[in-house]
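Under my numbering, think of the first position of the sequence shown as 95, with each following residue one higher.
First the structure, in the form of structure tokens, and then the observations on it.
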Amino acid sequence: MATVTALKTKAATAQRGKQRAQVSDLQTFTWVGLDKRGVKIKGEQISKNASLVKADLRKQGINPQMVKPKPKPLFGKTGKTIKGRDIAIFSRQLATMMAAGVPMVQGFEIVAGGQANPRMKDMLTDIKTEIEGGSALNEALGKYPVQFDELYRNLVRAGESAGVLDTVLDTIATYKENIENIKGKIKKAMFYPTAVLAVAIIVASILLIFVIPQFESVFKNFGADLPAFTQMLISLSRFMVSYWWLMLLIAIGTIAGLIMLYKRSDKFAHFIGRALLKLPIIGQILRQSAIARFARTLGVTFRAGVPLVEALDSVSNATGSVVYNDAVKRIREDVAIGHQLQLAMRQTILFPNMVVQMIAIGEESGALDKMLFKIAEFYETEVNNAVDALSSLLEPLIMVVIGVMVGSMVVGMYLPIFKLGAVVG
């Protein structure tokens with residue numbers, strides 16, 4: 095029996111290898127032809143050679159005028175990186191087609207054919223080939239763990255086991271869309287002040303390097319002592335003119351070093367994570383975002399039929415916060431030895447009392463997934479409101495900061511002129 099199973103496995107592996115080899119022989123052709131009305135049309139088609147493309151076009155009633163291989167990019171594969179929002183859109187499209195009765199392989203072919211990003215198209219085509227070779231969807235997705243994380247694959251596996259893959263894919267699509275919206279809000283909250291501050295630094299650097307030296311040459315003709323503030327600006331300008339390259343290298347090196355340290359040192363990552371959570375306004379947004387992502391991710395996995403301990407294992411890297419990720423791991427350990435979820439959450443001291451109480455009610459009533467979704471919706475709304483409020487608050491504050499930075503330099507440069515005018519008067 096074991097020998098027969100081994101032979102079947104070997105045959106299946108050989109078949110998948112053969113199909114991969116066949117796919118590697120395929121290439122994309124561009125064609126131009128005339129339809130039955132004599133109207134010129136064009137398109138692309140994947141095939142082994144141009145003759146097969148022409149034969150296929152004639153079957154469709156198209157008279158091929160030109161068929162040639164699509165030129166390959168000069169520097170290897172082109173296309174944007176595959177983002178989370180791309181995966182969300184793909185999940186929605188595949189779920190819609192499967193719910194309409196379209197076979198999975200054909201669904202992948204349709205979605206891949208509509209991709210403008212070559213990287214996304216190649217990935218979906220490769221997954222389709224794996225499925226055609228007999229792999230389950232969750233196994234085929236495992237070839238791309240960056241785009242399809244463990245949580246995604248676990249949900250798909252649960253859907254395949256229960257025979258409700260289309261429903262689970264629809265749930266995943268909704269989940270991914272909500273998570274990407276939350277990520278977008280967080281990026282907006284962090285990017286806006288950072289970008290404006292960077293612009294302010296660039297403007298100040300331009301004034302120090304190019305504008306103030308012009309004033310300095312004028313001041314030399316005054317033959318009088320300059321105000322202390324003006325002298326300080328001139329000294330800073332001289333330093334920037336001589337060592338701007340050193341300042342730039344230090345800035346780049348510091349940023350790169352901090353990023354590497356954050357990725358390689360758990361202690362430093364936790365320090366940064368705790369510091370960010372303590373920031374005014376920003377910290378509140380990050381905390382609410384982590385709770386929203388925790389609740390929605392756990393709700394989705396639990397509703398899909400994944401056991402609570404396994405669901406928490408999947409959630410442990412989905413909150414977007416190192417501090418909350420570790421807290422979820424501790425919660426999982428407590429739940430695994432028999433503690434209630436609400437008790438384990440209370441021990442972390444990271445979840446508000448309202449959240450813990452709603453979890454407790456959900457556990458007692460057997461409606462934990464519903465409570466988790468209500469928590470997620472509440473905190474997603476809170477994040478949206480907080481980001482909008484932060485934007486409104488930062489706009490005048492940033493204008494004041496830029497005004498003070500630039501205005502102080504302008505005043506510093508004109509102080510000698512004011513002083514000279516007072517002496518002449």
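Even for Gly, the Cβ is constructed at its ideal location relative to N, Cα and C.
### Query
From which residue to which residue does the alpha helix (DSSP H) around residue 279 run?
259-300 is the span of the alpha helix (DSSP H), which, as asked, contains residue 279.
#### Entry: Outcome for residue 343 when other beta-carbon atoms lying within 10 angstroms are tallied against a minimum of 16
With fewer than 16 Cβ atoms within 10 Å of its Cβ, residue 343 is classed as exposed.
### Task
Have a look at residue 117 and residue 262 and give me their C-alpha separation to the nearest angstrom.
Confidence in residue 117 is poor, its pLDDT being 45 and thus under 50, which makes the residue's placement unreliable; the coordinate value appears in the next sentence. Distance between the alpha carbons of residue 117 and residue 262: 29 Å.
### Query
DSSP three-state call for residue 163: helix, strand or coil?
Three-state DSSP puts residue 163 in a strand.
### Task
Can you tell me the Cβ-Cβ gap for residue 576 and residue 384, rounded? I've got them flagged as a contact below 8 Å.
As shown, the chain starts at 95 and ends at 519. That puts residue 576 outside it, with no answer to give.
### Task
Can you tell me the Cβ-Cβ gap for residue 330 and residue 510, rounded? I've got them flagged as a contact below 8 Å.
Not a contact, Cβ separation roughly 16 Å.
### Task
Can you give me the Cβ contacts of residue 224 inside the same chain, cut-off strictly under 8 Å, excluding the 5 residues immediately before and after it?
Within the same chain, Cβ atoms closer than 8 Å to the Cβ of residue 224 are found at 110, 233, 234 and 237, the five residues on either side in sequence being excluded.
### Task
Would you identify the three-state DSSP class for residue 479, choosing helix, strand or coil?
Residue 479 falls in the helix class under three-state DSSP.
### Query
For residue 158, which three-state DSSP category applies?
Of the three classes helix, strand and coil, the one that applies to residue 158 here is strand, per DSSP.
### Query
Who are the near neighbours of residue 221 in its chain, counting only those whose CB is closer than 6 Å to its CB and skipping five residues on each side?
Excluding residues within five positions, the ones whose Cβ falls inside 6 Å are 234.
### Helix, strand or coil at residue 242 according to DSSP, with G and I counted as helix
Here residue 242 carries a coil assignment [DSSP, helix/strand/coil].
### Task
Have a look at the DSSP bridge pairing and note the partners of residue 467.
Per DSSP, none; premise fails for residue 467.
### Query
Taking just the CA atoms, how far does residue 479 sit from residue 272?
One C-alpha to the other measures close to 15 Å.
### Task
Excluding the 5 residues preceding and the 5 following residue 155 in the sequence, name in chain order all residues of the same chain whose CB lies nearer than 8 Å to its CB.
Within the same chain, residue 155 has close Cβ partners 129 and 130.
### Query
Relative to the C-alpha of residue 388, which residue among 421, 503, 451 and 359 is closest?
Checked all of 421, 503, 451 and 359; the closest Cα to residue 388 is 421.
### Task
Could you pull out every unbroken beta strand (DSSP E) segment of at least 3 residues lying fully inside the segment 330-386, listed in chain order?
Counting only runs of at least 3 residues, the segment 330-386 fully encloses no beta strand (DSSP E) element at all.
### Query
Can you tell which of 198, 125 and 432 has its C-alpha closest to the C-alpha of residue 258?
Of the listed residues, the one whose Cα sits closest to residue 258 is 198.
### Message
Using a Cβ-Cβ cutoff of less than 7 Å, which residues in the same chain neighbour residue 286 once the five nearest sequence positions on both sides are dropped?
### Response
Answer for residue 286: 485 and 488, listed in chain order.
### Message
I'd like the list of long-range same chain contacts for residue 206, defined as Cβ closer than 6 Å, with 5 residues on each side in sequence excluded.
### Response
Beyond the five residues adjoining it in sequence on each side, residue 206 comes within less than 6 Å, by CB distance, of 215, 218 and 219 in the same chain, given in chain order.
### Message
Quick check on residue 235: does DSSP put it in helix, strand or coil?
### Response
In the displayed model, residue 235 falls within a helix according to three-state DSSP.
#### Entry: Own chain residues within Cβ distance below 7 Å of residue 381, not counting five before or after
Only residues of its own chain outside the window of five on either side were considered, and among them 371 have a CB closer than 7 Å to the CB of residue 381, listed in chain order.
### Message
Our contact map puts residue 461 next to residue 249 with C-beta atoms below 8 Å; I'd like the distance itself, whole angstroms only.
### Response
A Cβ-Cβ separation of about 20 Å leaves residue 461 out of contact with residue 249 under the 8 Å criterion.
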